[in-house]
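4 protein chains.
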Amino acid sequence: MKEELGGKLQFELDLSQPLYEQVWNHVRSSVAKGVIGLGEKMPSVRELAQMLQINPNTVMRAYQELERDGLTETRRGQGTFITSDPIKVATVRESLAQAAVEEFLARMDGLGFTVRDVMQMIRSKGGNGE
Amino acid sequence: MKEELGGKLQFELDLSQPLYEQVWNHVRSSVAKGVIGLGEKMPSVRELAQMLQINPNTVMRAYQELERDGLTETRRGQGTFITSDPIKVATVRESLAQAAVEEFLARMDGLGFTVRDVMQMIRSKGGNGE
Amino acid sequence: MKEELGGKLQFELDLSQPLYEQVWNHVRSSVAKGVIGLGEKMPSVRELAQMLQINPNTVMRAYQELERDGLTETRRGQGTFITSDPIKVATVRESLAQAAVEEFLARMDGLGFTVRDVMQMIRSKGGNGE
Amino acid sequence: MKEELGGKLQFELDLSQPLYEQVWNHVRSSVAKGVIGLGEKMPSVRELAQMLQINPNTVMRAYQELERDGLTETRRGQGTFITSDPIKVATVRESLAQAAVEEFLARMDGLGFTVRDVMQMIRSKGGNGE
DNA sequence: GTGGTCTAGACCACG
DNA sequence: GTGGTCTAGACCACA
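Chains as they are written, first to last, in the working numbering: chain A, 25 to 154; chain B, 25 to 154; chain C, 25 to 154; chain D, 25 to 154.
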């Protein structure tokens, strides 16, 4: 069980970005994609830190951000759990997507591309449904 | 006339990102969109610093990044000028767009959205050619 | 051990060239010659600044140029490390040599010396393999 | 006559180096190569400045350096002349070459190349006598 | 006047 | 502790 989740949370770290952000994003993605199930228990801070070979402070920071997102809950003495509320998960997923889209379009607009231009560029990246 | 370029380069700074990056991006966008013309003279480091109410060193750093991009040329004792080569400008614009698209799609993929999903979300933002 | 690297990086600064370029060049040379090993940790910005009796910002600038060259990697909160990739090192070494040779030959040509003349002058400097 | 020398001194300027150095070098080279003859009269500062479309101060600086080299002489009320002494010219040429060779070899040594390595690299650049 | 380098010292994010 | 950004203000080379 724990072994299993451990596998899901094992991933490669990139030195060019803050580590805590990568952990944070990875968990959010895993939940959004359903790789991690609702209500599932997260590894402890120390465990995950050891798995990823990083400093526990870094994992802690990621966990705090996840909790602020409302994606995890801390149950005293039991550990950290993914929320069991599917609505919360969906909400988080959508608001993240929303933010990404808006930021992206603003950036492209800043470069003088219209929404139409952008659509074409994206279509050429793999219009076959991925 | 200086007034004119000044207007184009006057913009709001945001404290959550490095100031020099914001200046850098703003100039790149302005050139990419054609708001600043090819061969045009940039305000001097000191002028722009005063306009934006930031330190000249910060502007200098932005100017150096622009030069590394090949987007500007500095003529000793005369100032900093936008390159007159339209190909360089186009190259910079395209590589910025390319990077933005890829980063965006990776982020959306991380949230479990397919390219098709993404296209729909964008279409709903303004399918009318903006 | 720190003592050791410190020794390698201790050198004399010359006021007739930008200090950050001298630091930059000195590190490049040291890596190219193998005086500094692959993957080795550089002194921290502050340490080196103190060793060379210059401002930390000046060292920082040199470190940033090195990173742009692909010769170093910075690990957040841990420090700056020489890349472990021997290919990158070789590439940097060769491109520096290439540039030096071309600049030199152009200069000699400007003075009316043929490549043959140049070869003779160099041979007389130490034809015994140095 | 003046027309002729004008032609010899007309050349392309590169914005990435100090203009006065380029003028200085160009004259030194021209004399070293014999393109400009001994005792020949240089254009006036203003004339040359106009020919090259640069600031007279810049030409002035180049002329001062040439005089410091001993390559030109100023005759009051008549203008600036290339020295008539062939020994001076040869001396200047050789000391410039000497300096270039030494600086170059030091640079290559800094990169870990022996004189032998350097000879090979240069030979491959055009061992056929230029 | 222009860009460019350097210093001193502050503050921040990250680990 | 690390690197990174920013400021204020000095000084230099160049045109």
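For every residue, glycine included, the Cβ atom is placed at its ideal position computed from N, Cα and C.
Rounded C-alpha distance that separates residue i from residue j
i	j	result
L72/A	I60/B	50 Å
G153/B	R131/B	Residue confidence for G153/B is low, a pLDDT of 45 falling below 50, so the modelled location carries little weight; the figure read from the coordinates is stated next. Taking the straight line from one Cα to the other gives about 24 Å.
R6/A	F105/A	The question about residue 6/A has no answer, for chain A in this structure spans 25 to 154.
Q88/D	N49/D	13 Å
L129/B	E126/A	13 Å
K26/B	P67/B	Confidence at K26/B is low in this model, with a pLDDT of 48, below 50, so its placement is unreliable and no value can be given for it.
L39/D	G103/B	12 Å
E118/A	I111/A	10 Å
F35/D	R70/C	47 Å
A124/B	G31/B	27 Å
V116/B	S53/B	10 Å
L135/B	Q144/B	15 Å
D141/A	T138/B	19 Å
L62/D	L33/D	15 Å
L120/B	G101/D	59 Å
N79/B	P80/C	19 Å
L90/A	E97/A	9 Å
D133/D	K65/B	42 Å
Q74/A	Q74/C	35 Å
Chain B residues whose Cβ lies nearer than 7 Å to that of residue i
i	result
G134/A	S53
L90/A	Chain B residues near L90/A: none, gap ~15 Å exceeds 7 Å.
Proximity to residue i [Cα-Cα], best of the options
i	options	result
Q122/A	K149/B, V69/B, K32/B, R70/B	K149/B
L43/C	E91/C, L76/C, L95/C, E97/C	L76/C
G58/B	V113/B, T82/B, Q74/B, G31/B	V113/B
A242/D	L37/D, G31/D, F35/D, L95/D	Only positions 25 to 154 of chain D appear in this structure, which leaves residue 242/D out of reach.
T82/C	V139/C, Q41/C, D141/C	Q41/C
M84/B	Q144/B, E64/B, V51/B, G63/B	V51/B
Contact set between residue i and chain A, taken where Cβ atoms lie within less than 7 Å
i	result
E97/C	L39
Outcome for residue i when other beta-carbon atoms lying within 10 angstroms are tallied against a minimum of 16
i	result
Q46/D	buried
R147/D	exposed
R92/D	exposed
S108/A	exposed
L37/D	exposed
A86/B	buried
Contact set between residue i and chain B, taken where Cβ atoms lie within less than 9 Å
i	result
P42/D	R100
V83/A	What V83/A touches in chain B: nothing, since even the nearest Cβ is about 19 Å away.
Contact list for residue i against chain C, beta-carbon separation under 9 Å
i	result
V125/D	F128, M132, V142, M145, I146, K149
Within chain A, partners of residue i - CB distance below 8 Å
i	result
G58/B	G136
Neighbour list for residue i in chain D, Cβ cutoff strictly below 8 Å
i	result
A86/C	Residues of chain D passing the Cβ test: none, with the nearest at roughly 16 Å.
Interface residues of chain C facing residue i [CB-CB closer than 8 Å]
i	result
A121/D	M132, L135, F137, M145
Interface partners of residue i on chain B, CB under 8 Å
i	result
R117/A	L135, G136
Proximal chain C residues relative to residue i, where beta-carbon distance stays under 7 Å
i	result
N49/D	G134
Cβ-heavy atom distance, residue i to the ligand NAP, below 7 Å
i	result
V69/B	Absent from the structure shown: the ligand NAP. Ligands present: none.
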